[in-house]
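Undergrad: Pasting in a structure now, in structure tokens, and then I'll have a few things to ask.
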Amino acid sequence: MYVLKSRIFTVVFVITLLLFGAFFLLITYKLPPTPSNNSVKEPLTSPTSSVYTLDLSAQSLDKLPEYVLSYTLLEELIISNNNITGALPAEIRNLKNLKVLDASNNNMTGVPAEVGQLSNLEVLNLSNNKLTGLPYELGNLKNLQILDLSGNDYAKADLDVIKKGLPSNIKIIY
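Quick note on numbering: full-length UniProt numbering labels position 92 of the sequence shown as 92, and the sequence is numbered without any gaps.
Okay, structure coming up:
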């Protein structure tokens, strides 16, 4: 494993030799916190690159940068500790490989129903936002193992409906 660090981001390259001499490249981006409103507005790499983990936590973001939605190979998206308001864009459904979505500690007031289309999602952390309602489509997340809704003011009746569709062994934090 080779680890390259810079002031802008940390790139972790893991190169593994696979059958028939093919190489697999895994890139993880972790940006350092930005105390000002200088949010990350430009793509870090081309959308076709093999970015599997993108950590945009503590970047003073007020919305999810549009380019993130083009990283269709993403498995982990961390956008915690920002100032994201409203709801994530409906196009979040394009991140079909997403397993972890951490949008905790923002000011989000809603969750798009399209999150329920992320069939590979295993961890959904929406804690410490300003959610007042939850889409019933969250009940479609059959692979979900952890759902963290703590620190929100949603209707408990919403969660009761959602729970009916979720796996019985799920850990729900509320």
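Ideal Cβ placement from N, Cα and C applies to all residues, glycine included. Model, not experiment: these values are computed from the prediction.
#1: Using a 10 Å radius around the Cβ and a threshold of 16 neighbouring Cβ atoms, would you call residue 153 buried or exposed?
#2: Specify the secondary structure class of residue 52 as computed by DSSP and reduced to three states.
#3: Give the straight-line distance between the Cα atoms of residue 101 and residue 93, rounded to the nearest whole angstrom.
#4: If you compare alpha carbons, which of 72, 53, 88 and 54 is closest to residue 64?
#5: Could you say which of 74, 162, 90 and 78 lies nearest to residue 142 if we only look at CA atoms?
#6: Just how far apart, CA to CA, sit residue 109 and residue 131?
#7: Please give the ranges of any alpha helix (DSSP H) in the segment 128 to 171, keeping only runs that are unbroken, at least 4 residues long and fully inside the region.
#8: Express the C-alpha separation of residue 53 and residue 75 in angstroms, rounding to a whole number.
#9: Rounded to whole angstroms, what is the Cα-Cα separation between residue 177 and residue 138?
TA: Taking the structure as given:
#1: Taking the first residue of the sequence shown as position 1, residue 153 is located at position 153. Exposure of residue 153 is indicated by the presence of fewer than 16 other C-beta atoms within 10 angstroms of its C-beta.
#2: Taking the sequence shown and counting its residues from 1, the one referred to as residue 52 is at position 52. In the structure shown, residue 52 sits in a strand (DSSP, three-state: E or B).
#3: Position 101 of the sequence shown, counted from the first residue, corresponds to residue 101. Position 93 of the sequence shown, counted from the first residue, corresponds to residue 93. Roughly 12 Å separates the two Cα atoms.
#4: Residue numbering aside, residue 64 sits at position 64 when the sequence shown is read from its first letter. Of 72, 53, 88 and 54, the residue nearest in Cα terms is 88.
#5: Indexing the sequence shown from 1 puts residue 142 at position 142. Nearest neighbour of residue 142 by Cα position, chosen from 74, 162, 90 and 78, turns out to be 162.
#6: Translated into positions along the sequence shown, residue 109 becomes position 109. Translated into positions along the sequence shown, residue 131 becomes position 131. So the two alpha carbons sit approximately 4 Å from each other.
#7: Unbroken alpha helix (DSSP H) stretches of 4 residues or longer found wholly inside the segment 128 to 171: 156 to 163, given in chain order.
#8: Locating residue 75 in the sequence shown gives position 75, counting from the first residue. Locating residue 53 in the sequence shown gives position 53, counting from the first residue. Approximately 6 Å, taken between the alpha carbons.
#9: Examination of residue 177 is not possible in this model, given that the chain is present from 1 through 174 alone.
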